[in-house]
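First the structure, in the form of structure tokens, and then the observations on it.
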Amino acid sequence: MIRFLAALLVLFSSMVYATDAPHRGDITTDDLLKDYPAFNKEYESFSPSKEELVKIKALQGKQVLVFLGTWCHDSKREVPRFLKLLNAAKVQLDSLRLVAVGYDKLDPNGLAKQYDVRYTPTIIVSDGEKELVRMIEKPKQSIAADLTIQGQIL
Numbered sequence: 009m010i011r012f013l014a015a016l017l018v019l020f021s022s023m024v025y026a027t028d029a030p031h032r033g034d035i036t037t038d039d040l041l042k043d044y045p046a047f048n049k050e051y052e053s054f055s056p057s058k059e060e061l062v063k064i065k066a067l068q069g070k071q072v073l074v075f076l077g078t079w080c081h082d083s084k085r086e087v088p089r090f091l092k093l094l095n096a097a098k099v100q101l102d103s104l105r106l107v108a109v110g111y112d113k114l115d116p117n118g119l120a121k122q123y124d125v126r127y128t129p130t131i132i133v134s135d136g137e138k139e140l141v142r143m144i145e146k147p148k149q150s151i152a153a154d155l156t157i158q159g160q161i162l
């Protein structure tokens, strides 16, 4: 009987872990906010300052690649704030791609490895030809300040 209960315990423990597996690969903003309550909660509660809204407009027309972990506390805080900033400032990017990585910082398409992502979130801004700026984990000042200088792209 004890062996049977131990086997059930192991089975149910592994089932719980399987359902908590992190998302890997591309994910839309809508799916991220809909399927991951912590991201949505931070998005809804964040109120960007007027100064941040002005600065973030420097990203207009740029390409942005965001590597995140659906399991990562820094991603749960910073990615929704970044998305809210873009939305509130009505920034029209050339492209925005969200790529979720596993605990190992890898994704199915190998983009995280290609961009040498070691920490999440990593936000990369480019002009299509070259990387302009990268924010890793959390901003030193603010998202808008770290991705721009005086409202100008680096």
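Using the numbering used here, you'd call the opening residue of the sequence shown number 9 and step up by one each time.
All C-beta atoms, glycine included, are put in the ideal place defined by N, C-alpha and C.
Since the structure is predicted, the reported quantities are computational estimates derived from the model, not experimental observations.
Rounded distance between the beta-carbons of residue j and residue i, thought under 8 Å
i      : j      : result
TYR2   : LEU93  : With the chain represented from 9 up to 162, any question about residue 2 goes unanswered, as that position is not in the structure.
LEU114 : ASP34  : The pair is not a contact, with the Cβ atoms about 14 Å apart (cut-off 8 Å).
PRO30  : GLY69  : Wrong, their Cβ atoms sit about 32 Å apart, outside the cutoff.
TYR123 : TRP79  : Contact flag wrong, Cβ pair sits at about 19 Å.
PRO129 : PHE47  : Contact flag wrong, Cβ pair sits at about 11 Å.
ARG32  : VAL109 : 7 Å
ASP82  : LYS146 : 6 Å
CB of residue i within 8 Å of CB of residue j, strictly
i      : j      : result
ILE151 : GLU59  : no
ASP39  : GLN71  : no
VAL125 : LEU67  : no
LEU163 : ALA96  : There is simply no residue 163 to check, as the chain begins at 9 and stops at 162 in what is shown.
ILE131 : LEU155 : yes
ALA153 : LYS63  : yes
Backbone secondary structure at residue i - three-state DSSP
i      : result
ALA26  : The predicted model places ALA26 with a pLDDT of 45, which falls under 50 and marks its position as unreliable; any figure quoted below should be read in that light. In this structure, ALA26 counts as helix in the three-state DSSP scheme.
GLN149 : coil
ASP135 : coil
GLN71  : strand
ALA46  : helix
Residues that residue i bridges to, as DSSP identifies them
i      : result
SER57  : Looking at the DSSP assignment, SER57 forms no beta bridge with any residue, so it has no partner.
GLY110 : In the DSSP output, where bridge partners are listed per residue, GLY110 has none listed.
GLY33  : ALA108
SER103 : GLN71
LEU76  : ALA108
THR130 : PHE75 and ILE144
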